[in-house]
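Chains as they are written, first to last, in our numbering: chain D, -13 to 357; chain P, -13 to 357; chain L, -13 to 357; chain Y, -13 to 357. Here is the structure we will look at.
There are 4 protein chains.
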Amino acid sequence: MAGNSFGMLFRITTWGESHGPTIGVVIDGCPPGLVIDPLEIQAELDRRRPGQSRLTTQRRESDQVQILSGVSDGVSLGTPIALLVENQDARSKDYADLQQVYRPSHADMTYDFKYGRRAWKGGGRSSARETIGRVAAGAVAQRWLRDTYGIEIVAWVRQVHKLVLSEPDYAGITRDDVEQNAVRCPDPDLGQKMYDCIDAARKSRDSLGGVIEVVARGCPAGWGEPVFDRLDALLAHAYMSIPATKGVEIGSGFGGTTLTGSQHNDEFLIEAGQIRTRTNQSGGIQGGISNGMPIIARIAFKPTATINKEQSTVTASGETVTLAAKGRHDPCVLPRAVPIVEAMTALVLIDLALQDRGQMGDRSPDLTPRF
Amino acid sequence: MAGNSFGMLFRITTWGESHGPTIGVVIDGCPPGLVIDPLEIQAELDRRRPGQSRLTTQRRESDQVQILSGVSDGVSLGTPIALLVENQDARSKDYADLQQVYRPSHADMTYDFKYGRRAWKGGGRSSARETIGRVAAGAVAQRWLRDTYGIEIVAWVRQVHKLVLSEPDYAGITRDDVEQNAVRCPDPDLGQKMYDCIDAARKSRDSLGGVIEVVARGCPAGWGEPVFDRLDALLAHAYMSIPATKGVEIGSGFGGTTLTGSQHNDEFLIEAGQIRTRTNQSGGIQGGISNGMPIIARIAFKPTATINKEQSTVTASGETVTLAAKGRHDPCVLPRAVPIVEAMTALVLIDLALQDRGQMGDRSPDLTPRF
Amino acid sequence: MAGNSFGMLFRITTWGESHGPTIGVVIDGCPPGLVIDPLEIQAELDRRRPGQSRLTTQRRESDQVQILSGVSDGVSLGTPIALLVENQDARSKDYADLQQVYRPSHADMTYDFKYGRRAWKGGGRSSARETIGRVAAGAVAQRWLRDTYGIEIVAWVRQVHKLVLSEPDYAGITRDDVEQNAVRCPDPDLGQKMYDCIDAARKSRDSLGGVIEVVARGCPAGWGEPVFDRLDALLAHAYMSIPATKGVEIGSGFGGTTLTGSQHNDEFLIEAGQIRTRTNQSGGIQGGISNGMPIIARIAFKPTATINKEQSTVTASGETVTLAAKGRHDPCVLPRAVPIVEAMTALVLIDLALQDRGQMGDRSPDLTPRF
Amino acid sequence: MAGNSFGMLFRITTWGESHGPTIGVVIDGCPPGLVIDPLEIQAELDRRRPGQSRLTTQRRESDQVQILSGVSDGVSLGTPIALLVENQDARSKDYADLQQVYRPSHADMTYDFKYGRRAWKGGGRSSARETIGRVAAGAVAQRWLRDTYGIEIVAWVRQVHKLVLSEPDYAGITRDDVEQNAVRCPDPDLGQKMYDCIDAARKSRDSLGGVIEVVARGCPAGWGEPVFDRLDALLAHAYMSIPATKGVEIGSGFGGTTLTGSQHNDEFLIEAGQIRTRTNQSGGIQGGISNGMPIIARIAFKPTATINKEQSTVTASGETVTLAAKGRHDPCVLPRAVPIVEAMTALVLIDLALQDRGQMGDRSPDLTPRF
């Protein structure tokens, strides 16, 4: 419905370009009476903000959120909440040479072909600065999910380049575990190795990709709108709308395809009076609907397209040229993408929670059958 | 928007349960004047139909399509096209024991929790028979894409269990190549191995999963609606809404995360007067918009949840029971899922084509800049 | 969202042409567990059906509803409910002469211009037979509104040509009052005059228009989604989507424009412990949200465009011709439009009820503040 | 789709409360390359702005528009355009007494019941200041309609209280005619009488209502998406979403109900090589689709709910109190509502134009058949 909105009942609309005056978001459909704490939103934006370490772009942005509407006496009114951040350190001259040049694996060429023009400074609308609005809205969504259901969403860097975290503890990893290092890997030793690996790539003017993993704990069974707006389908939609993503897995994912059915099936059992599954290959989703187990997803991010090595490319007028990027950028986007993944998870969950409540009525946490 | 519709301008709505009287679809927004050939639709349904080989469920369904509206003199009127298939061989008694039992890794439990009831015969609404409507609508979409742009969509089985097709020829594989064996693998030798592998699983009362790959050739640059309705995001949404899917990749996917930026970037060049990329790690999509290169995706399907081995599970009333499935089913869903993947690809492409045309005006094939 | 769907959470999609094989509707988002009684749906269709009296078209259609999906054990499953009626008495030859001719004030010319073709037999998609799907879905919606909130929707013919019912009793008129005569005017004497007036028009080969009024009693305060999806705005949308409508009023409507604010304002007071308004110029809606008072609307229907008098018109190829209609038609559509107006009212109310419940949670009837 | 958005392909989302820091709008889906002239937008806002004459509220707001995104080098980029106006003269203390009081025929009570709270200062979200976003977006839409099709939208005050403009010249009235007096009535003498009438109401602490009429000239035949998103249905939706509206008519409207079919039908004829209608009772719309004739609508506005006379009402806690309004307000909203009506007309037309182009392809102005 016009591509800059996401969600149906809890619906966000983002605007703004990398080097325009502002980046913003309107949240429509937020339940009234929710605590909207600017510091809480800011804390999430700070996790996404550039300049957190030398692994991130050196663009200086404080990304201070302003609340323009929809909040009174510290709580949501139920009417649209507009949030805005000013762009401060837009050095457009860094990009002056790039107006005609199509950077490899960037969106320059496709935006030009689609719209017949583009905001060429700093990636314009295709810049990941657009995700500021998502993170801000996601903070609001997370607050509601936590206050209403005790839902906890935690993402972390599972893989950088060829360094992979093995067997994460889905029940136990906390946001504090993740925040203890600049890479946002819950294993400190591996985090340090990932840090060094990214720093080495930076120095060699190259870039790296990897995998972010996310878990949502505490979701009641029943969320998801088959057959098309399945919970897993909306998560896939949400994650693949983040810049630089190339893949999404739920639960067992691609790895599960080498198991047999008898190995892969999640047997049901009763645990503490509730229906649970012995294993969680399903990643908390069956038939497109949450089953009460932790929801688990992984998202593949390609290596950053901006590198400082020379590359051959073409211009808008069809000339072949050699390009060496000068814009500021992250040698690996994963550490800063962690809060974006959490935000998109929350935006899907709250929207499906409200849709489910619309059709079914309140799904009180204590309505879950017990045995 | 209510979960049984997909698409915005070219919008389908499906209905029907596995053991109800009918399965159907309404297509709204089809461009008028398009040839709607019942034989062409039937041919696609026949590829999805059960009973094609001993690898598929032995349920006997002819799946004959009826056109209920929207077509006159063999072409679309521009008004809703309703298509319907009757269920013929619904042996509900096979499922009588299952009314109270939650089959592992099926949607029984989640449908019950969500709706407070479910059509328990044969999986009801969560059965893959629902995809009949998608395949029928996809045939219409494919006709339009082919007639208007010469677009060709071909999917195949890339992997079954641990058997993987290496280096498929994205430019060359035809639907004939795929249709030459029952598994729908374009490599006949590997196809035979996959066939034997699935047959062995069937005999051992187990099931297998795998990966389907799809390519769309001939898409013009410019389709996709950032920032949320990116082409890759909508494809991920579409694929993950197919029953039994656990993962989606575009282009380099998860494998690309172990490359560096300089290895991964797709350099632009001029080829036959057009801008192309030397490699296609991007899978034909950059910044969420098609770039004119082949669009490439892979979808992970878990092993079929229905197996004939004994499994432990629980009932709706919390009893622990042992289950041995008796319903008819496929030991591996991949061969029959190939036309479903093609259909969902087509549904995404036509919808984005129409959205793009709405905002931008006609994107005539010869408007692409040439040098 | 493709023009043949209406509603967001309770969403209907209609299909079918006047002279095609079937007319149908899919209802998506119906709350599960609702009694779906085929006789109840049929009763509503029978009120809309042709051939009820000599005032209506003599086309013979039994309009027997078939339930194709979404219902089990007499209640809704929460998944799509598809309903279908077969066209039986399509005498397309009556229309053979009309293939090229644009009937005045019909949709022939505009459908041709829009789609480049049209189903010309019997009005095709623009025929009011399309409203069968609305009436069937409206019966389902009315059942839910009645069962859940005790809401009662009653419409009647307020005006035929120059005969106007004065001061209807909004609190008291029942559906029985309305059904006691063929015109559906709750005043029997005036109903007879209207009957004679329509019959005279029929004999003189002419047609008449008029006004239908509708009241919805028992709606809780709080339904409506400002600023755009106000309750009054959605009602206006719904009513103006019925064929032959030319105007909509809520509460005081156009008449209220000649009052002053002090005459027009509805003062609040406490009545039986609840906040009510002394007058109801607002028609039960303030700021786009229901206020708990009866919701009142009026809809203007133009005189039937099909008349048996000679008229001058043009053909698709630009020839000027003289036309004398031969198709079967109603000399006044109002009596049969009464159940359509009720249905559209119910479809708006249920959708806004579910939307409100999604954002706010259950609005239990006894949550209304009392004093 | 969350009630603060309107349109599908050209979609606006508004935010902001009367006494919050800002009022704004995001436009998503604007065709790229459109001239976005801040002065042109400002000119429309100035027509809506308070303080234009003593007939309007004395609140002082310059309503200066700021462009936050989506525009580069003076033209639209095709990505979201965010527009913002700061609230300057919010005298919240004027409303302090009203926090608990439900003003008659205002939205105070319904917002409280719906959301459980409200922004009570100056009407909060239900204030007509919200329409700033609509007028700004409408200016953009009008520019596109004019540049692409030469479409001209002109609205005027047709009636104030009992003073009615008779037989306006739909083909000839220009915006200059309308702007020549403070009331925005194209007949200067009647405009003066209306002015005096409103001024008298103001002095007697009362308020007046009336009717605005609008014509859109130059629309091609073919716009409108039956069966639900008919052009007339969307116009009715749009107009009834404007604060204080109680009725909508298209073409002959309620008056046409007293004609017979033979009097009311619009005969087709060929004029200057094009199909036209002799009369225009249809108001330019047949079967929900534009027919190329001027589109004509009328909208009823109730007398302003805010009056300075004493009224009886109740408080949120159920007390009966006497109220004398002190907030600043317009004794008659019609003069300032004229640009709002034009804006909503433009927003409907551009959205349907883009939808039509999506499904049908470009409808070039010279594609209209000629004879």
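No residue lacks a Cβ here, since even glycine has one placed at the ideal position from N, Cα and C. Computed from a predicted model, the values in this text were never measured in an experiment.
Separation of D185/P and D175/P (C-alpha to C-alpha, rounded to the nearest whole angstrom) is 15 angstroms. T306/D is bridged by DSSP to V300/D.
For Q272/D, the beta-bridge partners assigned by DSSP are I275/D.
For F254/L, the enclosing beta strand (DSSP E) begins and ends at 254 to 257. Put simply, the CB of G108/D is far from chain P, with every gap to its CB atoms at 8 angstroms or more. Using a C-beta cut-off of 8 angstroms, the segment -9 to -2 of chain L makes contact with the segment 338 to 346 of chain L, since at least three inter-stretch Cβ pairs fall below that distance.
Between R284/P and the set V307/P, T331/P, V300/P, A291/P, the nearest pair of CA atoms involves T331/P. For the pair E253/Y and T299/L, the CB atoms are nearer than the 8 angstroms cut-off.
Cβ contact annotation for V21/L (same chain, cutoff 7 angstroms, sequence separation greater than five): G60, V61, R129, in chain order. Distance from the CA of I198/L to the CA of L151/L, rounded to the nearest whole angstrom, comes to 10 angstroms. Taking the Cα of Q178/P as reference, the smallest distance to any Cα among T246/P, I137/P, Q145/P, Y135/P is reached at Q145/P. Spatial neighbours of T43/Y in its own chain (CB-CB distance under 6 angstroms, excluding positions within 5 residues in sequence) are listed in chain order as P36, R314, H315, D316. Boundaries of the alpha helix (DSSP H) around L335/P: 320 to 346.
Against chain D, the CB of V12/Y has a partner CB under 8 angstroms away; the residue lies at that interface. Between the segment 268 to 275 of chain L and the segment 291 to 307 of chain L, the count of C-beta pairs closer than 8 angstroms stays below three; the two stretches do not touch. Between S227/P and chain L, the shortest Cβ-Cβ separation is not below 8 angstroms.
For T96/D, a Cβ of chain P is located within less than 8 angstroms of the residue's own Cβ. Contact between L335/D and L131/D holds: their C-beta atoms lie close to 6 angstroms from each other, under 8 angstroms. Between S276/L and G210/L, the alpha-carbon positions lie close to 7 angstroms from each other. When Cβ-Cβ separations below 8 angstroms define contact, P90/D makes contact with chain P. At a cut-off of 8 angstroms between beta carbons, Q341/D contacts chain L. Near chain Y, meaning a CB-to-CB distance below 7 angstroms, the residues of the segment 61 to 76 of chain D are L63, G64, T65, P66, A68. With at least 16 other beta carbons inside 10 angstroms of its own, Q345/D counts as buried.
When the five nearest sequence neighbours on each side are left out, the beta carbons in the same chain lying within less than 6 angstroms of the beta carbon of M95/P are those of Y88, in order along the chain. If you check the CB distance, P325/D and E72/D do not come in under 8 angstroms. For P229/Y, the closest alpha carbon among the candidates D182/Y, I236/Y, P289/Y is that of P289/Y. Take the alpha-carbon of I256/Y and the one of G304/L: they are about 7 angstroms apart.
Counting the other CB atoms within 10 Å of its CB gives Q267/P a total of 16 or more, which places it among the buried residues. In the three-state DSSP reduction, R129/P falls in the helix class (H, G or I).
K148/Y sits exposed, since fewer than 16 C-beta atoms from the chains shown fall within 10 Å of its C-beta.
Among the residues facing chain Y, L245/L is included, as its CB has a counterpart in that chain under 8 angstroms away. Cβ neighbours of S39/L within its own chain (closer than 7 angstroms, five residues either side excluded): A168. Contact note: F287/P reaches chain D through T243, using a C-beta cutoff of 8 angstroms and chain order. At the C-beta level, W142/Y and V164/Y come within 8 angstroms of one another. Collapsing the DSSP output to three states places S112/D in a helix. Close CB contacts of E328/L within its chain, under the 6 angstroms cut and outside five residues either way in sequence, are with I139, A141 (chain order).
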